[in-house]
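The sequence shown maps to residues 1 to 409 in UniProt numbering.
Note that the Cβ used here is the ideal one computed from N, Cα and C, for glycine as well.
Below you'll find the structure, written out as structure tokens, and then a few comments.
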Amino acid sequence: MSESSSPPGSLPEIAPAPLPLTGISLNACAVRSDPLERVSTLFHQPNSPCPQSLTPEGTSILTEYGWDDERDRSFAHFRADGLVPGRVLRTERGLCNVVTDAGTVRTESPPAEDRLSPCTGDWVAVRPATTTTAASVVEVLERRTAVVRSTASRTSHGQVLAANVDTVAVTVSLADPVRPGRIERMLALAWESGATPVVVLTKADACADTPRAVAEVTAVAPGVEVLVTSASTGEGMDALADAVSGTIVLIGPSGAGKSTLGNRLLDQDLLATGAVRVSDGKGRHTTAWRELLPLPHGGVLLDTPGLRGVGLHEVDEGLDQTFVEIIELAEDCRFSDCAHDAEPGCAVLAAVEDGRLTRRRLDSYHRLQREITYAASRTDARLRAELKRPVKQISRQLRAIKKSPNFKY
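This is the structure:
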């Protein structure tokens, strides 16, 4: 890159090449005024079509990504240390693509053992690059919301899928049979995040009986808005765009149409899409990472890879909100610690008997409740011991019976 032809005091020109892994000077990025152009270059797509700038002249770029006065005030002490605010667009192998008011930078992440690991959607404090050091993320700012799932690790505190989102859109393909249990699981995850959940039914044009499918979904999503859409015909897209406020994240299995839906919201094909197998209707992962993209009519889209498994992590409140009718019925149970299993005076079981609550719904509640308890026991030694106690008691009773002189095999 040559700077000999630039007038004194002007910013250097940047060639449309992938950003280096060692970091980029914030000043060197300031010439990029179009958020989508910056994102395209950042993701090694220099030839991607970009519309006119979405940032009005004189407006902070970060404002378009959700930066507000409250965050700005709380950032004052970081700014005094020479740090600048930014939002993580994408993370990859210890590196982050971060958008700042001066442009996009490739930064190094702080050691995971010292601080929170940055996640897509995080607001961070960035130390600008110098002639001898790369730009780096110094601090992950407090998260207002976070979509978290459990992992297989016993010491894990959960995997953050998305941070600082305002709306969690649970995408469900109407080209496949409705799976109530999967929707309930996703909604528990969404409610627990602190964001507002919404169910987006995709591929309505491929559904033989849309009203019936909508009724099935509505029955397992109390208090949640259900939108019917078709990216092919445009059905419901205006309603979805109106529902977008702030940052929206799309979650769901592969083949649910998340990327196609995202492209309609973006008004251009920036997200890769793929076909589903005819044999089982399952899709392949076309989104390889979580990424943040500004929407042309306001708001921010966070696209995610398909979720093949969603383990629930500390979602007690999320579970209660997902099964709010069971929680309300439980207030009339005879015992305050009623498990709604076989206890006398159980109002929940009474509701199952008279048809106000389906047995499938109660079974799903119990299943997720057991999963959450088990997940918590992996990191809680005391809880793990309590769960093992009934098993030990039964084992002792069996040993005592076997030692009895009257016992016969």
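In three-state DSSP terms, what is Gly355?
DSSP places Gly355 in coil when its eight states are reduced to three.
Taking only runs that begin and end inside the stretch 135 to 181, name each unbroken beta strand (DSSP E) of 3 or more residues, in chain order.
Complete beta strand (DSSP E) runs here, min 3: 136 to 140, 146 to 150, 159 to 163, 167 to 173.
In its own chain, which residues sit with a C-beta less than 6 Å from the C-beta of Gly311, not counting the 5 before and 5 after it?
Result list for Gly311: Arg149, Ser150, in chain order.
Could you please give me the residues that DSSP links to Ile248 through a beta bridge?
In DSSP, Ile248 forms a bridge with Thr167, Leu301.
So, at 7 Å on beta carbons, what are the nonlocal neighbours of Thr322 in its own chain, with the 5 sequence-adjacent residues on each side left out?
Contacts found: Glu184, Leu187, Ala188, Trp191.
Taking the Cβ atom as the reference point for each residue, do Ile248 and Leu301 lie within a distance shorter than 8 Å?
In this structure, Leu301 lies closer than 8 Å to Ile248 by Cβ.
With Gly318 as the anchor, note down where its alpha helix (DSSP H) starts and where it stops.
Run containing Gly318: 316 to 322, per the alpha helix (DSSP H) assignment.
Please report how far the alpha carbon of Ala204 lies from the alpha carbon of Arg179, in whole angstroms.
If you take the alpha carbons of Ala204 and Arg179, they lie about 16 Å apart.
Between which two residues does the beta strand (DSSP E) harbouring Pro197 extend?
That run of the beta strand (DSSP E) goes 196 to 202.
Quick check: the stretch 159 to 173 against the stretch 98 to 110, are there 3 or more CB pairs under 8 Å?
The stretch 159 to 173 vs the stretch 98 to 110: no contact.
Compare the beta carbon distance of Val324 and Ile372 with 8 Å and say whether it is the shorter of the two.
Not a contact, by the Cβ cut-off of 8 Å.
Provide the residue span of the alpha helix (DSSP H) that contains Glu64, from first to last.
Where Glu64 is concerned, the enclosing alpha helix (DSSP H) stretches over 61 to 64.
Taking the continuous alpha helix (DSSP H) assigned at Glu70, which residues delimit it?
Residues 69 to 74.
So, Thr120 versus Val88, is the Cβ gap smaller than 8 Å?
Yes, the pair counts as a contact, with Cβ atoms nearer than the cut-off.
Return the Cβ separation of Glu235 and Val228 in integer angstroms, given the expectation that the two are a contact with Cβ distance under 8 Å.
Indeed they touch by this definition, with Cβ atoms about 7 Å apart.
Please classify Gly255 as buried or exposed, where buried requires at least 16 neighbouring CB atoms within 10 angstroms.
Result: buried.
I think Ala213 touches Leu240, with their Cβ atoms under 8 Å apart; what is that distance to the nearest whole Å?
The pair is not a contact, with the Cβ atoms about 17 Å apart (cut-off 8 Å).
Just verifying my parser: in three-state terms, what is the DSSP assignment at Leu85?
According to the sequence shown, residue 85 is Pro rather than Leu. Here Pro85 sits in strand by DSSP.
Return yes when the Cβ of Val172 is within less than 8 Å of the Cβ of Val217, no when it is not.
For Val217 and Val172, yes; Cβs fall inside 8 Å.
I'd like to check one pair, Val170 with Val137: are the Cβ atoms closer than 8 Å?
Their beta carbons are not under 8 Å apart, which means Val137 does not touch Val170 by this criterion.
Going by other Cβ atoms of all chains shown within 10 Å of its Cβ, with 16 needed for buried, is His297 buried or exposed?
That one is exposed.
Hey, quick one: how far does the beta strand (DSSP E) through Pro294 stretch, first residue to last?
From DSSP, the beta strand (DSSP E) with Pro294 extends over 291 to 294.
Asn263 bridges to which residues according to DSSP?
According to DSSP, which records beta bridges pairwise, Asn263 is partnered with nothing at all.
In three-state DSSP terms, what is Glu108?
The answer is strand: DSSP assigns Glu108 an E or B state.
Among Trp67, Ala219, Val226, whose alpha-carbon lies nearest the alpha-carbon of Thr202?
Looking at the Cα atoms, Val226 is the closest of the given residues.
How is the beta strand (DSSP E) around Val125 delimited, first residue to last?
Correcting the residue type first, residue 125 is Ala in the shown sequence and not Val. Looking at the DSSP string, the run of the beta strand (DSSP E) that includes Ala125 is 123 to 127.
Pull the bridge partners of Cys346 from the DSSP assignment, please.
Partner(s): none; Cys346 has no beta bridge.
From what residue to what residue does the alpha helix (DSSP H) around Leu240 run?
Per DSSP, Leu240 belongs to the alpha helix (DSSP H) from 237 to 243.
Nearest to Arg90 by alpha carbon, out of Gly355, Leu292, Ala347?
Here the closest residue by C-alpha is Leu292.
Alpha helix (DSSP H) containing Thr218: first to last residue?
First-last of the alpha helix (DSSP H) with Thr218: 210 to 219.
Are the beta-carbon atoms belonging to Leu265 and Leu295 less than 8 Å from one another?
Yes, the pair counts as a contact, with Cβ atoms nearer than the cut-off.
Distance check for Asp332 and Pro305, CA to CA, integer angstroms please.
Spanning the two alpha carbons is a distance of roughly 42 Å.
Strictly by DSSP, which residues pair up with Leu95?
According to DSSP, which records beta bridges pairwise, Leu95 is partnered with Glu92, Glu108.
Measure the CB-CB distance between Ala135 and Arg127 and report whether it falls below 8 Å.
It is a contact, given that the beta carbons lie within the stated cut-off.
Assign Ser25 to one of three DSSP states: helix, strand, or coil.
Only weak support is given to the placement of Ser25: the predicted model assigns it a pLDDT of 37, under 50, and the question is left unresolved by the model.
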